[in-house]
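A.B. asks: Chains as they are written, first to last, in this note's numbering: chain A, 200 to 312; chain B, 6 to 118.
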Amino acid sequence: IAGITQAPTSQILAAGRRMTLRCTQDMRHNAMYWYRQDLGLGLRLIHYSNTAGTTGKGEVPDGYSVSRANTDDFPLTLASAVPSQTSVYFCASSESGGQTEAFFGQGTRLTVV
Amino acid sequence: GENVEQHPSTLSVQEGDSAVIKCTYSDSASNYFPWYKQELGKRPQLIIDIRSNVGEKKDQRIAVTLNKTAKHFSLHITETQPEDSAVYFCASRPAGGADGLTFGKGTHLIIQP
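1) At 8 Å on the CB atoms, spell out the chain A contacts of residue 49 (chain B), in chain order.
2) Among A:207, A:260 and A:209, which one has its Cα closest to the Cα of residue 232 (chain A)?
3) Under three-state DSSP, which class holds residue 10 (chain B)?
4) Counting Cβ pairs closer than 8 Å, one from the region 271–285 of chain A and one from the region 293–303 of chain A, do we hit at least three?
5) Candidates A:204, A:210, A:266 and A:235: which alpha carbon is nearest residue 251 (chain A)'s?
6) Relative to the C-alpha of residue 34 (chain B), which candidate in B:116, B:48, B:11 and B:75 has its C-alpha closest?
7) Residues in its own chain within less than 7 Å of residue 118 (chain B) by CB, not counting five upstream and five downstream?
8) Under the three-state reduction of DSSP, which class applies to residue 89 (chain B): helix, strand or coil?
9) Note down the Cα distance separating residue 212 (chain A) from residue 6 (chain B), rounded to an integer number of angstroms.
10) Given this structure, state the Cα-to-Cα distance separating residue 40 (chain B) from residue 107 (chain B), to the nearest angstrom.
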């Protein structure tokens with residue numbers, strides 16, 4: 200079944216550790232996004248990529264980095280995790296950056312202790 | 006950047022009644038307005054969207070209205086059912102849409118039997 204897949208589904212991480220959240224889509228979508236979801240704050244954009252080889256910063260990029268080496272994969276890296284990065288992380292993709300539906304992965308629940 | 010305000014944060018209605026959720030946006034260049042439904046522990050899923058060239062769109066029991074002059078849009082659910090209980094998010098994307106969707110903080114809709 201075509202879609203967007205994230206890994207891991209959940210993780211407990213010690214503060215100061217490095218962590219990469221993986222995201223893969225098989226819909227050949229050009230645009231991909233990373234959001235974090237916190238209670239009462241909704242979904243906030245961390246980083247985005249409009250096409251392979253390009254990335255941009257969203258609303259809350261500090262402490263995170265991304266890469267887009269190919270169309271399918273869009274990993275999110277926390278270089279040195281802090282407790283405030285405890286959140287649910289959603290990867291999403293859309294056909295383009297315009298008036299097109301964004302499809303979400305199942306989410307990664309990350310707890311930094 | 007874009008700012009999206011969503012009200013109310015919690016809405017409780019009797020089964021069979023209608024529910025209305027309202028959002029305002031700040032960027033007059035925004036031209037795409039999707040609504041997402043998120044059930045507990047699940048990913049957000051698109052339920053309806055509207056583009057700026059129309060004022061209303063319906064899909065069975067769900068409708069969305071857009072007032073570009075006032076910069077607000079609303080979700081209307083008629084004949085509510087228990088399975089409508091979820092968190093609903095509005096979002097907007099400016100023309101060009103290079104940096105993804107900006108989401109409201111969400112409305113927790115509770116359908117009382």
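We put the CB at the ideal spot given by N, CA and C, even for glycine.
C.D. replies: So, from the data block:
1) At a C-beta separation below 8 Å, residue 49 (chain B) has these neighbours in chain A: 242, 289 and 303.
2) Closest option to residue 232 (chain A), judged by alpha-carbon separation, among A:207, A:260 and A:209: A:260.
3) Residue 10 (chain B): strand per DSSP, three-state reduction.
4) Not touching, per the Cβ criterion.
5) Looking at the Cα atoms, A:266 is the closest of the given residues.
6) Residue B:75 is the option with its Cα nearest to residue 34 (chain B).
7) Same-chain partners within the cutoff: 20 and 87.
8) It is helical.
9) Looking at the two C-alpha atoms, the distance is approximately 32 Å.
10) Here the alpha carbons of residue 107 (chain B) and residue 40 (chain B) stand approximately 11 Å from one another.
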